[in-house]
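Q: Numbering (UniProt numbering), first residue to last: 1 to 253. Even glycine gets a Cβ: it sits at the ideal position worked out from N, Cα and C.
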Ligand SMILES: NC(=O)c1ccc[n+]([C@@H]2O[C@H](COP(=O)([O-])OP(=O)(O)OC[C@H]3O[C@@H](n4cnc5c(N)ncnc54)[C@H](OP(=O)(O)O)[C@@H]3O)[C@@H](O)[C@H]2O)c1
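1) Applying the 10 Å Cβ sphere with the 16-neighbour rule, what's the burial state of residue 193?
2) Which of the three DSSP states, helix, strand or coil, is assigned to residue 19?
3) Is it true that the CB of residue 12 sits closer than 9 Å to the CB of residue 40?
4) Roughly how many angstroms lie between the CA atoms of residue 22 and residue 223, to the nearest whole one?
5) Indicate, with yes or no, if ligand 1 has a heavy atom lying under 8 Å from the CB of residue 191.
6) Does the separation of the CB atoms of residue 7 and residue 93 fall below 9 Å?
7) According to DSSP, simplified to helix, strand and coil, what is residue 43?
8) Assign residue 146 to buried or exposed, taking buried as 16 or more other Cβ atoms, counted over all protein chains shown, within 10 Å of its Cβ.
9) Starting from residue 6, follow the alpha helix (DSSP H) in both directions and report where the run begins and ends.
10) Would you mind giving the Cβ-Cβ distance between residue 123 and residue 155, rounded to the nearest angstrom? I have them listed as a contact below 8 Å.
11) Per DSSP, residue 188 forms a beta bridge with which residues?
12) Tell me which residues share the same chain as residue 50 and place their Cβ nearer than 7 Å to its Cβ, disregarding the 5 neighbours each side in the sequence.
In structure tokens:
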């Protein structure tokens, strides 16, 4: 049987890179990034050492594809490149997002038009463009499409009002896509809490301490633990659809 192919956007650091590590034994991976080539290559060098669970011997196992997912034509090209390199597409983890850290409780800080535009570009429209470009390929394989939302999209909180509202829109968009694209394509979303990736660390010590204190367990989930403790990923890749905006995390972004 042909080995399945997954595309992970924003896949070279933080949550995306950890998803790549979890999928690497079973899947061939197209790993997207936009800026940091050296970091992207270091991840592929690491993944190349992971034994494959299949003996298909298909090449390439892992391929980096540079594309800014905030650019519609780049998203279309990303899908074309993935399919031309791998010959099929079974799973997309649409993981890229954008924010600018503000004081959530200060309405004046929520009035920056550019923040709203960029949040909606990366946190909403990029997922829509990706699904539209990938739909025929995912239909062919009866594949899965997963968006990364946030606890901030479930509860008004996090790095900014624009981010929180746009992540709520990610969840609603995902439900809409599930409605439109089922039954051939399974569509789901995950909503992590604060994770100490480069992104999470950009919040600064004060916000991180506050977010930690607000959790029931008085500690934040690590990216490794959030995925390890997640047969959820396996479930989403195989049987469910309809986006249960799962609050996987314990923090609030
Ligand atoms: N960390 C948290 O606390 C947290 C909580 C809830 C939800 N989330 C969500 O989780 C997702 C991933 O966050 P993270 O914490 O893993 O971030 P991260 O550690 O900062 O990683 C960001 C990734 O995005 C890539 N990237 C940056 N700009 C891009 C663009 N324009 N197009 C494509 N890729 C781009 C980066 O590669 P290059 O720099 O090389 O481009 C890198 O691979 C986001 O959707 C975020 O909203 C994060």
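A: A quick look at the data gives this:
1) The C-beta of residue 193 has 16 or more other C-beta atoms within 10 Å across all chains shown, which makes the residue buried.
2) Looking at residue 19 - three-state DSSP - the assignment turns out to be helix.
3) Going by C-beta atoms, residue 40 is nearer than 9 Å to residue 12.
4) In this model, residue 22 and residue 223 are separated by some 11 Å (Cα to Cα).
5) For ligand 1, at least one heavy atom lies less than 8 Å from the Cβ of residue 191.
6) Yes. Within cutoff.
7) When secondary structure is reduced to three states using DSSP, residue 43 falls in the helix class.
8) The residue in question, residue 146, is buried, as its Cβ has 16 or more Cβ neighbours within 10 Å.
9) Counting along the chain, residue 6 sits inside no alpha helix (DSSP H); it lies in the beta strand (DSSP E) bounded by residues 5-8.
10) In fact, because the Cβ distance is near 16 Å, the residues do not count as touching under 8 Å.
11) According to DSSP, residue 188 bridges with 146.
12) If we look at residue 50 and ignore the five residues flanking it on each side, its Cβ neighbours are 24 and 25.
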